[in-house]
Each structure stands twice: as structure tokens, then as C-alpha cells.
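S.K.:
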Amino acid sequence: MRSRSARSARTHGPAPKRRHGKPGASPGTLPPIPDARPSLVEVISYCQQEVTEGTAADAAAARALALPGRVNLIVVTGVEDHALLEGFGEQFGLHRLALEDVAHTHQRPKFDEYEDQDFVVLRVPDPEGQTTQQICLFVAPELLICFLERPLPALDAIRERIRQKRPRLIAGGSDYLAYAIIDLVVDLYFPVIDAYDKRIDEIEDTIFTNPRRVEVPVIHEMKRDLAAWQRISWQTRDVILRMLGEEIPTLSQTTRLHLRDCLDHARQVADLNEAARDRATGLLDLYLSVMSNRMNEIMRVLTVIATIFMPLAFIAGVYGMNFDTTKSRLNMPELGWAWGYPFALSLMAGTAAGLLLYFRKQGWFGGDDRKEP
Amino acid sequence: MRSRSARSARTHGPAPKRRHGKPGASPGTLPPIPDARPSLVEVISYCQQEVTEGTAADAAAARALALPGRVNLIVVTGVEDHALLEGFGEQFGLHRLALEDVAHTHQRPKFDEYEDQDFVVLRVPDPEGQTTQQICLFVAPELLICFLERPLPALDAIRERIRQKRPRLIAGGSDYLAYAIIDLVVDLYFPVIDAYDKRIDEIEDTIFTNPRRVEVPVIHEMKRDLAAWQRISWQTRDVILRMLGEEIPTLSQTTRLHLRDCLDHARQVADLNEAARDRATGLLDLYLSVMSNRMNEIMRVLTVIATIFMPLAFIAGVYGMNFDTTKSRLNMPELGWAWGYPFALSLMAGTAAGLLLYFRKQGWFGGDDRKEP
Amino acid sequence: MRSRSARSARTHGPAPKRRHGKPGASPGTLPPIPDARPSLVEVISYCQQEVTEGTAADAAAARALALPGRVNLIVVTGVEDHALLEGFGEQFGLHRLALEDVAHTHQRPKFDEYEDQDFVVLRVPDPEGQTTQQICLFVAPELLICFLERPLPALDAIRERIRQKRPRLIAGGSDYLAYAIIDLVVDLYFPVIDAYDKRIDEIEDTIFTNPRRVEVPVIHEMKRDLAAWQRISWQTRDVILRMLGEEIPTLSQTTRLHLRDCLDHARQVADLNEAARDRATGLLDLYLSVMSNRMNEIMRVLTVIATIFMPLAFIAGVYGMNFDTTKSRLNMPELGWAWGYPFALSLMAGTAAGLLLYFRKQGWFGGDDRKEP
Amino acid sequence: MRSRSARSARTHGPAPKRRHGKPGASPGTLPPIPDARPSLVEVISYCQQEVTEGTAADAAAARALALPGRVNLIVVTGVEDHALLEGFGEQFGLHRLALEDVAHTHQRPKFDEYEDQDFVVLRVPDPEGQTTQQICLFVAPELLICFLERPLPALDAIRERIRQKRPRLIAGGSDYLAYAIIDLVVDLYFPVIDAYDKRIDEIEDTIFTNPRRVEVPVIHEMKRDLAAWQRISWQTRDVILRMLGEEIPTLSQTTRLHLRDCLDHARQVADLNEAARDRATGLLDLYLSVMSNRMNEIMRVLTVIATIFMPLAFIAGVYGMNFDTTKSRLNMPELGWAWGYPFALSLMAGTAAGLLLYFRKQGWFGGDDRKEP
Amino acid sequence: MRSRSARSARTHGPAPKRRHGKPGASPGTLPPIPDARPSLVEVISYCQQEVTEGTAADAAAARALALPGRVNLIVVTGVEDHALLEGFGEQFGLHRLALEDVAHTHQRPKFDEYEDQDFVVLRVPDPEGQTTQQICLFVAPELLICFLERPLPALDAIRERIRQKRPRLIAGGSDYLAYAIIDLVVDLYFPVIDAYDKRIDEIEDTIFTNPRRVEVPVIHEMKRDLAAWQRISWQTRDVILRMLGEEIPTLSQTTRLHLRDCLDHARQVADLNEAARDRATGLLDLYLSVMSNRMNEIMRVLTVIATIFMPLAFIAGVYGMNFDTTKSRLNMPELGWAWGYPFALSLMAGTAAGLLLYFRKQGWFGGDDRKEP
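As C-alpha cells, then:
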């Protein structure tokens, strides 16, 4: 079994691994990370008339680029620079607990309301569909701050829509923008599930055509990964459900309608995920039953063969005995018959034929069973 | 195993396959489809006095055929012509998000309320009971627009009832008409589940009479398909439940009573579906246990035969040894006995009989076990 | 396996089979049934002073026999005469949808409120405990109409209690009478579950004493039937729960207390049913593990025997070789020994004894394992 | 298997067996029981100053012993004397439906409110932890009537606490006394679950040390019994939950706090029960996997032995052939070699060694596998 | 199997073992424990200006050290000295039922409100991650009493944060302090689950590389322990959920926000725990399927070998028969052929080759199957 190669994929996986803080540490504490990769801060500020873009070195610069009276989208890529995060906390009044969640990139999808901002955490599948990164959104009036662990190429579609001044996006506030990003994230789950579905199709085909090539560890891991994805997709759905359920003053009616549509997509993701997981769970059963059928087939044929040769060998053994035919007429007179050897061979052939006939009649051998009505 | 033919059916299946839009694309966008099949637009307008029917080339023409003061049923067959859909959106004020759902024919059954229209999506089983198409209903006062992917012959029953001016249908508004269509859709699920039940009956029979003819892949697929149907039937039930639960001003008391009846049918569908799925799940267990019983039966008989011939062959082997009887009286004196050969044969027969007796007593052989009290 | 006889029972079963109407047919339509069996209409009218009984040919006659100021129980046995049903609809103002449910005898247990009547559908187990018939109750002030598919002998107990003018029954209104019938129906489930429990006991005994006599199809069907019964008993419980939950003006405090007691019974039925189902599900596992244990026992003993004779036969084979002892002293000198044969036999006996000892020590043979501390 | 002795315990079991009344019988009817054992009626009447105790022959005598202005505990042991029960019904105004539940000792734990009394049914585990009896409590101001099927020694603790005039018990009303009894009953479940836990521990040990001694029927029954206990413990928890949830005027704040504590115990019972049940369910899997591992171990070793002797026997067979060496030099020249026999023996030894080596390398034989890295 | 060593760990385990009180004992009774270990009472009293620490011999001394106008944290380590507990009850007005829970260290995590204090019970994993101890918190304004079974080193982090006068901790009241401790406890679960995850990884690796080294009892116990941990983590989550849900006047908005964050952690613990449990459950299936595959592989190869030698041995047996070639030309003329022996050997070789070819073609032997496309 190629278990090693299969297992190498395990170190990643959709479920985030928690980096443990010291238990008892102050909450809202951001421990410095050595060798932190520098973060990239982009600010896009737009209104009906104009779209301005820029990059900032720190939170204060971003603050300056975020123009009042417009919708300001600040995308921070890389969350290891805790000084930068704290700067954002001060400049934009972000809650410490939320900031801590931004820095610890192992959060479940969740939605928290703070006094003057809503905080959304989601997990974005990476293009290879193996791992996820964490995306955090702070939604305040006229402001949407988005923290990413790693660059997210899919976000370019949003940037492009802003640049093209798409009417609904420009007219909607920061809440509509938040919806657009959430919708984007949800849509990124579909290819992931599709890829699993395709792999399950392939494995099913392999099971039916060439079961010995199936690698149990691969099925096992797929099952586990799909369970992890399912938890994430359920939590994502719950986040959207809670956003719709809560009375969020900043949520316009238009955004609400679109978010409801997005909830539908999230439910569909969860549905497809569940179906894929059910199938993956069934794969192992299927594999085992196909293997067991093949094994039975083999064992039956071999056992039948062995069973037929048993009596034949016995007959040969009998006439191989060395009783002294000279001592008595009773001692193996067959040995002295003129037709003795043909008689013995016929006896063997007859026994074999009889057994074969019996086995076939019982349906233990050959394909008779199938041809019956 | 005829796995190939069995698997060819898999490309369809009740669960709709999502055609992926580009993640990050504007919501409510209808991408043009090349080679879109032309749509057919039928308008039936009726009141107590009169029923008029006609076909329209586009939304504006349909708008013109829909007479005020009557109930207007517009059936659009084929949703690939996005220009037509957009026309309907403009003429009848349909919400863009709903229209997008109409165009993307992979929706789960759902119910959405918009300001001046209710929007229902259901999935209609095709006559062969393998796939589903999507049906979308926009319900507004005096207006019911119904979008179909493909022609739906079953809808003729509704058309006929309108033409015959059936009192309840004519007296009810567009909401009653919507109910009639939903009821029709729900009723189309019964033959599907029945067909599965019949196939399960057949497979059960095959398992008990001729288990080697059973094709595991077929059971496997049936299980998966029934799981997909179950999700759809649960969602259908939920749609009707939500329509009854929400305060829809357009829903008359009469329609409400009928819809409650329809909810009963939907629940029955879900029940039957669940029962069928349980049975399908049990099939594999049943098959494996029957197969394993048969295999055990075979192995036991063959092993018993082998075990009986083992000692016999051993005895024959002993008397086939070449010890020099001339060297000593101790060397195989049996070979020189006058009754040596009969003695050996009797020894063999006795051994065989003893073993057979022992095996029978233990109930390992023959049908003794059954005849015991 | 006696699968055929076992399967013959399957055509019945507690779950009602739906007779399909044509999808799209008008709701509330009662299609005429050819060869409909005639219905029997009985009217019992009672008050504190008097009990009158009679039979009626049609609804109008029943209407005439139902005296005002009394509680009138109308029992209609046989629901295939749709003209009669429509007559009842007109005479007593029964809702068309409810009447349709009466005629289509495949309903799930349910409770519907109409403006001036409550409508209850339950399923009554037949005395053999294999099938159910549908009982429908229309409860209005002073009136209880009860529709039965087939005669229900158990109902005589109610009739008798009316005739004996039992105080609580006479004093209660039609709602108490409805309770009495529902309670009767619920009580009829106990013997059904008991019969299953007894059959499970028997099968368990058979599994432990004579597993090869167990018929897997029988267990399989019992499982399925119990699942169907469970659905029905859950639905029955829900009907009573809803009757208690809803604010039914016609439900007196006394009836409510009694109905709560009846709910307890329904819960107990559901409980017992679930327990029986759990046991039935466990039966197959139990059977397979007992069978597998027995099979293992057999295979082990037989394999041990075969394995012991293998080396013995080999030794015999060695001394059956024909090497020319005259050519060299190295060629099978044992054959020429005076004690050659006894030596060979001892070698065999020693080998067999050694193997037996080893196998016993390993606990592979005989009952040693058990006797260990 | 000692199945018989194991099964003899089954006629009891925690789940109460229903004595069927005739379906359709009047509710609240107490059918006379022939050979009813006489009941014992004890009355304990206490207040801050004084505790009086006495026994009564019938309900009227008990009524007389119950002093006003005090808390009166009436314990009736034995519920088969229906005349006595009816007397209590009349003297103390107990509701007929509740009395019927007292007489039919197969009730699930439940809580019913009547106008002027609360009615609690619980099931008390017997000291052997195999069966339960039914305890019924009528709680009214200043009065607690407790009906028992059989004497309950554990109740003496309560009597003793009254006699010792424990402050909280004396100060509390009849509701506190009811709490004390309920708490006592809940505490009696702990030893039952503990006993099961201990038996599961033992069976686990047996599985790991001596699996062939495990008796599958015993595990099977334990599973079923634990399922029955679980249902009862869930229902007991629900009873207390409902008592706390409902607005019972007679329930003082102190009693409420204590009952909440008791609810905690009931939840713990349900928890422990569930854990025990999970373990019992796992036992069978564990047993089968251990057995299957042992069986595989045996079969592998035996098959390896057989497979090694197969080729050896074949070689011996070859040199046992009788080709005429005098006819040609090609005919079995080995037989005439001086080193023929040693050659043949070496060939055999070499073959055996080669196979053994191969098997060991494949890890099919011996314990090599374990010693690998 | 090294079952003994594996099982020795079982006497501990996360689930607390109940020390049974006598059923019927007065609630709120603290039975004296002989040989009770002495308790350690620490008092930390802090406000913005000052932090004072001290140890007390009894409750009265602790009372004296707890300064008004400050937040006072009293940590009592060791709960076997019931006199001390009762002293605390009197000095600080702790409710008797809560005190009883403190003394009986087998409580489930729970949250109880009393009139003037909130009472929280949690379970703290020990550093080895095998067992838990009970921590009880009484939260009153300006006062937090914390009872521990054993010293809890992790608590030092809190003490240190107080000494360092961390602003949020100093500014928050006793409720914030309670949150800090609860958060600490929740964080202690992460390493426990991680350790299980790591062990599961190892066992998976062992299953794929060296399945015979896997110890089933270890997997079995891990499953059970994870089930116990899961119950505890669910209950812990529920405690926090209830604290947030209830209207606790002493809970400040800040504490509420932090507690919500802590709830997130608790949910994550429950999630990870569930995932680990799912994996552990899958381990046994995985192990069995890998073992069964290996076994099948072995059996197939061995059976194929046996089956090939069967016919060969038979041929050898035939030419070992002793028919008298001198009596007739028909009697084994092959024996007298010049090429007789080579002919026989070729016959054997041909048979073996034919069988091998057939087996390979059927994919029963060697690795052919894999190399197919």
C-alpha cells in the first residue's frame, strides 16, 4: 500500500490547528512572533464618483487613506505582525478579543457583535482544496477591514467589480461589500466538494473494476477530511444564519435579500458536503463487500479443486499400497487384473465427474447459479 | 459484474449538478448561454366567464396577453434564453436574485418572499424517475409565472382543469393555482418512490433465491439515489411548511386548507422515501449475511470432505511404505496377512464412518441440525 | 431457507399502500370505484335518559336518526361507496378534503381542525396484528361520525358501554366519545407489540440453541415491519399531542385529563415499539456472531485435524519412496532395519502427540481454554 | 454456551410488563384481582412538636390517623386490593385516572397535575438491580400518599429522619417530603449502574484474557437491559424537569432548590447509564474483533504448516513413483544414486527452509512482525 | 497482547467516580472523612492600589483576611476537611446543597444560581491528561471562593496576573476573575485533545505499516475515554452558555464579552473532541479492514500454493500405484516407457504452469491485478 504518500497530505487538512497560547494568559494578548512575515495593507476607498486605491505601511497610514463619506475597504494580508494589528486596534477601535482571534488563525467560523462593529470569521479554502486560511471581517459603517493569512487571488474579482463601479456594489454600503466577500468565500467551497465527488467517483470505479488497487488509507483520510469540511460548512452556514437572524442595524434590506441568497448557497454546500461524506463512508463498506465477494469466489473455486483431488489422491494411494498379492487372493487382486489400471483411472474420472456434477448442482462451482431462471 | 451498465445511469440522478459561476461574479448576473434552446411562452388567462390561451414570443407579448382582472398563468418552458428572462424581470418586476435562481437550474427546493411576489422553487421528477427538473413559481396577485427547464406533460392536467372551468380552480386566485401546481409536483414523487420499492422487492427476492446474481453496485447506487431523493423530499416538505407558517397575505383560507392537505402528502412522500432508504440500506447487510451463510455452508461441507479423506489417505500412505518385510517380522506384517487388504479397507471405511458419525453428531454436516427438536 | 413462505406475508404490512390518484386531479375528488362493497351505516343516539340505535341506508336517513340535544355516534363501515360519502359531506357539512382522506385509505395518522369540526385519522391494527385499517373521526358538538374501512369488532365495547349508560360516557359529550374511541385504538397496539416481543424471544432462543434453523428473511421482515409500526405509533402519539396542545373549544376539561392519560399510553406504545425494534435490529448481529462463532469452532477443529495428518502423511510418503537400498547404505537404511516399521509408526505417533500437545497449549483445540482460571 | 441459565433472568428486567386490560374498557376501572395480597397502610403524622405513627386497616382509618395541621405521610404497600384503593380515592379525593395508574403497575415514570393534587409515578430499582417496582406519590398540602408494590426497605431512612425530627424535613411541607422520597429513589439507581459497570469491566477482562469464555447471550441481554434502564432514567429525569418547570403552587423555594439538586443527580444517572450502554454496545464489537484476530492467528499458523508440508509430500510422492528404472536411464535415475535418499531429504529440508524463510519475510509466520522496527 | 498494562490505566479516566452516600441520607449532609488530608486556604485581596496575600487556618481567618471594598479570591485546596467546609458555609453564607457538591467530588460541570451567589462546578484536566479534578467557584460581589481537590499549578498564572496588577483583571470585579479561571480551565482541555490526536496519528501509522502491533484494547479504551471527555466538554460548554443566557446581575458587559469568547473556545474543544472521537471510532474499522486485507492476501497465496500441489501430488500418486505391468499391457504402460519419468515430470510441470497461468489470468495470484491499466 502506498500509505506513506497518502499520509503525507495529512499534515494539512481543512481543520485549523490551534497554536496553543499559555493557559491562563491574559485574553486579548498578542504574543510577538519571531520572523513574522511582513503584512501588506491595501486600502480601496470608493463612492459613486470615484475609486481610489493605495497601500499603507501601518494602521495610521491606512486610517489616513480611508476617506470619510465613502466606503473604505482595507485588506490586510498577513497577520503575524502583531504590532500592526495593535495599531489597527487603536486606529479603528477594534475590540481586543476580536483582534486576538485575528492573530490566532485557528478560529472556527463565527459571528460576534460588538458595540460599534460586527466581526465575522470565515475559513477560505485554498485553491488546491486541501487547506483553509482564515479571513476576518470587521464591518462598521463606511468601513470594512478584512484580515487575511495569505494572499487570496479570488478577492481580485471584488476589487475589479469596485474598479468597474458596478452599480449595486457602489450603491451598497460596507454591509453589501461584506456580503460580497462572504458570498465569494461560500462559492469557493463548491469546487472543493466537486473535487471530492470526482475522487469518490474514481475510487468507486476502481472498486468495481480493480478492487485490489484501492488504497484504504486514502479512503480513510478522505472520510476524515470530509468530516472536517462538513463541520466548517455547517459553521459557515450558521454564521450567515445568525447575521440574518440578529437585528443588525447596519444591514440594509438589499443586503439582507442577497445574504439570504448566500445562505441558500451555504446550505447547498453543506448538503453537497453531507452527500459526499455519506458516499465516502459507503466506500469502505462497498470496498470490503466487493473484496469479500472476490475472496469468496476465489476460495470457493480453489476449495472445490482441492476437494475434488482429495478422493482421487486417496484412490491412487490405495493402489499404491504394498500388500503382498502372493499371500492371498484377497490382497489387492485389482493389481493383477488385466484391466486394473484402466479400472482405477475410470474410478478416479468417475469420482471427479460425480463430485463436479454434485458441486455444480449445488451451485458451488462455475457460473451455473447465474444461468438459473 | 455488470458494473458498467449500472454506472452509466449515474451521470443523471435526482440531485442537481451545479453549473459553477465564477466565484466573485456579481450576484443576479445571467451569463449568456451559447446555443441556448429557444423558450416557449404560454399564457392562460381565466376568470369565471372566460378562458383565453395564447403563446408569446417575448415578455412584452406575454405582458399584453395577461389580462387585468383575471388570473393569468404564464408558463415559460426553457430557461436558457437569458434575454427572455431579463425581459420577464423588467415586465413583471421579478427580483434579480430570483431570476438568477431560475437561470441556474441547480437550486434546492426553497421558498423566498419578496416585497410583492412569493418565489417558490421545486424539483419535478421526470417520468423515468431518474432525474429532476427545476420548476420556479412567481406568485403575485392575479399572476402566476411558472418557469420550466423542459416540457412537463403532467402540467396538462392543470391546463385541462382550467379549460373545463372547474369551480374551485376558477374561483381561487393565483395562490390556489400555485397550490394546484405544487400539489401536482408532490404527487409526482409517489410513482418514483414506488418504483424504488418495487426494485427493492425484486432485489430482496433475488437475494433470497439467487444471491450470486445480485449486483452490489446497483444496490450501492440505489442507496445513494434514495439519499438524494430524501434530501429533496425533505426540502419540498419544508417549503410547504414555510408557506403555511409565514403570514402570506395572498394566501386565502381555502388555499391554506388545501396546502395543509398537500403538506400531508409531502410528509407521506418523505416517510415512504425514508422507509425505502432504510430498506435499501438493509439490503447490503442482508446480501452479505445471506452470501456469508451460503459460503459457510459450502466451506463446511467441503472442509468436512477434505477432513475425512485426510486420515484415509494417511492409512493408504502407511501401507504404501516400503519397509523390508523380509528383514524382520515387525516390518509391516499386515502386508503379508491373507486378510491384509480387506483389513486395510475396513480400517479406512471404519475411520470414515466414525468421522462422519462424529461430524453429524456435532451438527457440522448434513441437515441434522435442522431436524433436532 | 423457507424464504417463500416468509415473504408471502409481505404483501400486507402495517404501512398503508397508496392507491395513486392521477397527479393533477382536482383535490377533494372522489373517483367512483367499480364493484364497491356496500357500506353499513349505524346511528347510536344517546342522552342521560335514553339510548336509541338504528341503521340507515344513506346520509339523509342517518341525519334523520341523529336526534338533536343528544350525542349522536354514526359509524360508517366501508368507504368505497363514494356517493354515500358525498351524501355525508352534504348532510353534515364535512369538508371535501377530509372526505377525500376518508376515501383514500392510505392516510398517515393526523389531526386537522376545520371551522366547525375536528378531523382525526388513525390506523387500527387488525386482530392478526399484520395490517392496519384506517379510522376517521369527525368530531362536532353532539356529533361523532366514524368511518371504518372494515368492521371493527373491538368497537363493540364502546357500543356496549353506551347501552349500559356508563355515567362518564353518557355525561361526556362527543369529545369524550372521541377520546374513548382513540383510547380503544391505542390499546389495540399493545397486543401487536407484545406479539412481536414474543416472536423475538423465540428467535433469540433459536439463535442460542439451534442457529441454523434461524431464517434471516424472517428477521429482515420483522425489522422492516417494526420500523413501519414505529412510524405509525409516533404519528399516533403526535395526533394526541396536537389535540391536547391546540385550543379546541369542544374539548372539556374531563376529556382533556383522560386524553392526557391516553397520551401516556401512546407514549408507552411508542416506547415498547422502539425497544422491540432495537431488539430486532440486534437479532441479526446476534445471529451472525453466533453463526460465526460456530463456524469458527468447526473450522478450527477441522483445520487442526487436517494439520495433524499433513506431517503424518508426509512421513508415510517418505518411506514409500523407492530409492534403491541395494545401491548404497545411505539409501533409506530404515527400510532394512528390523525395527523400521515400529520406528516409523512411533515417529508418526510422536509427531501427532507433539502437535496435539502444542495445539492444546495454544488453546486451539479441545475445551482447554475454558478450563483455564 | 450456558445460554439457558443466562436467559432465565430475562423474565424480569427493568422494563415493566403491561397487564393488558380489555381494550375498550372504561378508563379508571379497577378490575378485581383474585388472590390479591393484603395491603399494609402506615400513617406517619408529624409537626415540629410531635411525631405519631400508626397502621390502618383501610382508607377511613388512615384518614382518621392523618391529623390536620401536620404533615401526614401515608405509605400503602401492596396495590392489589382494589377495594382499598377505591377507598383511598373516596377518602382523599384522588383522581380515578391516577388511581388506575396506581393499580396497573406498568407505568412509565410520569408527572401529572390534577386540580388539588400532584401525581408522581417513578420506578424504584430492587436491591438486586434486576427489576423495578412502581412507586406512586400523591402530593397535596399537608398530605403525601405513597403507594408501593412491595415493601421498600430503603424508605426506612426517611422514616428514621422523621422520627429524629431532622429540622429541614420537619420544617418542609409535604412537597419537601416528596422531594426527599424522589431523591431517595434517584439515589437507588447509582448502585444499579455501578453493578453494570463492574460486570462490563469483568467481561472486558475476560475478552482480553480468555475470549472463548465470553458468553454472547450475556452481553446481548446486558445491552438490552441497559437500554431499558436508560429509557427509565431519561423518563425519571423528565419527571423532575417537568416538576421544576411547571408552576406548582405547593412547591416551596427550598424544595425547588433541593429538587434542582436532585435533577442533577438524575442527569448524572442518565449520563452514567448512557456511558455504560455505549460500553456494552462496544463489547460485542470488541469480542468479535478479538475472536477474529485469534482465529486469524490460528488459521494463519495452521495454513502455513499445511502449505509447507504440501510440497514436501509432493517430493516424497515423486520418488514413490514406480517407473521402471531398468527400461531406461531416464527413468528416475535418482533412485539408483548412492546419495539418492540424502539428496531427496535435503531437497525436502531445503524446500521447507526456503518456504519458512519466505513466510517469515512476508511476516506471515511467527512473531517477526512485532520485532520489526 | 499487552492487555494488562493497557488496562491498568483504566482505574482513572476523566469521568468522575461517584462516592456513594447512603440513599435516603439528608441532603446537604457532609459525612466526616477519616484521615482527611488537611486543606490549604489562600486569600488574595486586591484593588487598584494594592494586592495582599495570606493563608488562613480556617474560614473565620479567611473571612478576616478578605477585605471589604476589594475583590477577594479565596482558594481552598483540598475538600476533605468537612469542618472547614461547614465553616465556610457559615462565614460566607454558602448554600448547603452547593457545599455538599463541593465535598462530593464527582459532580458534572454545572451552573446553579442561588439568591446571593452563583455556583459553578467545572472539571479540570490533570497535566497528564488522564484524570480530572473538580473545581468549584462561588461567585458573589467582591468575593470569589474557589475549591480545589488537589493543587492546581496552572492557577499560578492567575495569581501572577493579579500580582502584576494587570489592568483588565484589576478593574474587573469578581465576575471577571471567575471568567479568567473558567477560561483557564477551558484552555487546559486543548492539550488533552491534542495528545489524543497525536496518539491516534501514531496508531494510524502503526495500522498502515505494522498492523499486528496494534493493540485493540488500547483503541477500545481510547474510544471510551474520548466519549467521557466529550460528555465533559459538552457540559462545560453548556455551563458557559447558561451563564451567558441567564440574566446574572453581577455579570458586567466586559465579562460577558470575554465569556462569549471563552464559549467559542469551549465549542472548539467540543468540536476537536468530537473529531478525535470520530477518528478513534474509525480506527477499529480501519484496523479490522487492514487486518482482513492482509489475512486475505496471505490466505490467497497459501491456498493457491496448496491448490497447485494438489494435482501434482495426485499425478505422483497415480504413478506410485502398484498395478502389475506384467499382467497386461494396459496396466500402467507408462512405467515401462523409456521416457516415462520425464513424461511424468513434464505432465506435472505443465499442470503447475497451466494452473499458475489460469490463476494469474483470474488475478488471484501475484501482483498482476495492480499492473493492469
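Which chain is which? The protein sequence lines are A, B, C, D and E, in order.
With my numbering applied, the first sequence covers 1486 to 1858.
With my numbering applied, the second sequence covers 1486 to 1858.
With my numbering applied, the third sequence covers 1486 to 1858.
With my numbering applied, the fourth sequence covers 1486 to 1858.
With my numbering applied, the fifth sequence covers 1486 to 1858.
Backbone N, C-alpha and C define an ideal beta-carbon position, used for all residues, glycine too.
1. List, in chain order, every chain A residue whose beta-carbon is nearer than 8 Å to that of V1701(B).
2. At which residue ranges does the stretch 1771-1858 of chain B contain complete alpha helix (DSSP H) runs of 4 or more residues, listed in the order of the chain?
3. What is the rounded straight-line gap between the Cα of A1712(A) and the Cα of L1757(A)?
4. Any idea which residues DSSP pairs T1617(D) with across the strands?
5. Quick one: measure Cβ to Cβ for A1751(D) and V1671(D), integer angstroms, because I've assumed they're closer than 8 Å.
6. By the three-class DSSP mapping on this structure, what secondary structure does T1590(C) have?
7. Give me the chain G residues within the contact set of R1646(A), using Cβ-Cβ distance strictly less than 9 Å, ordered along the chain.
8. Against chain E, does S1813(D) count as a neighbour if the rule is that its beta carbon must be under 8 Å from one of theirs?
9. R1814(D): buried (16+ other C-beta within 10 angstroms of its C-beta) or exposed?
10. For Y1599(A), which option in D1682(A), R1581(A), I1688(A) has the closest C-alpha, if you only look at C-alpha atoms?
11. For I1733(B), which three-state DSSP category applies?
12. Please name the residues in the stretch 1791-1807 of chain C whose beta-carbon is closer than 9 Å to at least one beta-carbon of chain D, in chain order.
13. Output the distance between the C-alpha atoms of R1489(E) and Q1715(D), rounded to the nearest integer angstrom.
14. Considering only C-alpha positions, which residue in the set V1561(D), K1812(D), A1547(D), L1607(D) is nearest to S1524(D)?
15. Under 7 Å Cβ-Cβ, which residues of chain E neighbour G1582(A)?
16. Whose C-beta lies closer than 6 Å to the C-beta of D1668(B) among residues of the same chain, with five residues either side of it excluded?
17. For S1718(B), which residues from the same chain have a beta carbon less than 8 Å from its beta carbon, with the 5 sequence-adjacent residues on both sides left out?
18. Distance check for T1792(E) and T1788(C), CA to CA, integer angstroms please.
19. Measure from the alpha carbon of F1596(E) to the alpha carbon of each residue in A1663(E), A1801(E), F1573(E), then state which is nearest.
20. Tell me which same chain residues have a C-beta within less than 7 Å of the C-beta of I1688(E), skipping the five on either side of it?
21. Give me, in chain order, the residues of the same chain whose beta-carbon lies closer than 6 Å to that of Y1843(D); leave out the 5 immediate sequence neighbours on both sides.
22. Using beta carbons (cut-off 8 Å, strictly below), is Y1681(A) in contact with chain E?
23. Report the start-end ranges of each beta strand (DSSP E) in the stretch 1536-1585 of chain B that is 3 residues or longer and not cut off at the edges.
24. Can you list the residues of chain C that I1783(D) reaches, using a CB-CB cut of under 7 Å?
25. Please confirm if the stretch 1833-1849 of chain D is in contact with the stretch 1794-1803 of chain D, defined as three or more CB-CB distances below 8 Å between the two stretches.
26. Following the continuous beta strand (DSSP E) through E1527(D), name the residue where it begins and the one where it ends.
27. Quick one: Cα of M1707(C) to Cα of R1785(E), how far?
28. Sorted by chain position, which residues of the same chain lie with C-beta nearer than 6 Å to A1583(C)'s C-beta, five sequence neighbours on each side aside?
29. Helix, strand or coil for H1497(A) per DSSP?
30. Express the C-alpha separation of L1771(E) and N1778(D) in angstroms, rounding to a whole number.
31. Please state whether the Cβ-Cβ distance between G1509(B) and A1642(A) is less than 8 Å.
32. Just the C-alpha distance for H1567(D) and L1744(C), rounded to the nearest angstrom, thanks.
M.R.: Working from what's here:
1. L1771, S1774, V1775, N1778
2. 1825-1847, 1853-1856
3. 12 Å
4. P1610(D)
5. 5 Å
6. coil
7. Judged by its chain identifiers, the structure shown contains no chain G, and its protein chains are A, B, C, D and E.
8. yes
9. exposed
10. R1581(A)
11. coil
12. A1791, T1792, M1795, P1796, A1798, F1799, I1800, A1801, G1802, V1803, Y1804, G1805, M1806, N1807
13. Note on R1489(E): pLDDT 40, under 50, position unreliable in the model; no value is reported.
14. V1561(D)
15. Correcting the residue identity first, residue 1582(A) is Leu in this sequence and not Gly. What L1582(A) touches in chain E: L1742, H1743, D1746.
16. C1747
17. Y1674, A1751, V1754, A1755, N1758
18. 16 Å
19. A1663(E)
20. V1699, I1704, L1768
21. none
22. no
23. 1536-1541, 1556-1562
24. R1785, W1849
25. yes
26. 1525-1531
27. 38 Å
28. F1604
29. Per-residue confidence for H1497(A) stands at a pLDDT of 46, beneath the threshold of 50, marking its modelled position as unreliable; the derived number appears in the next sentence. Three-state result, H1497(A): coil.
30. 14 Å
31. yes
32. 23 Å
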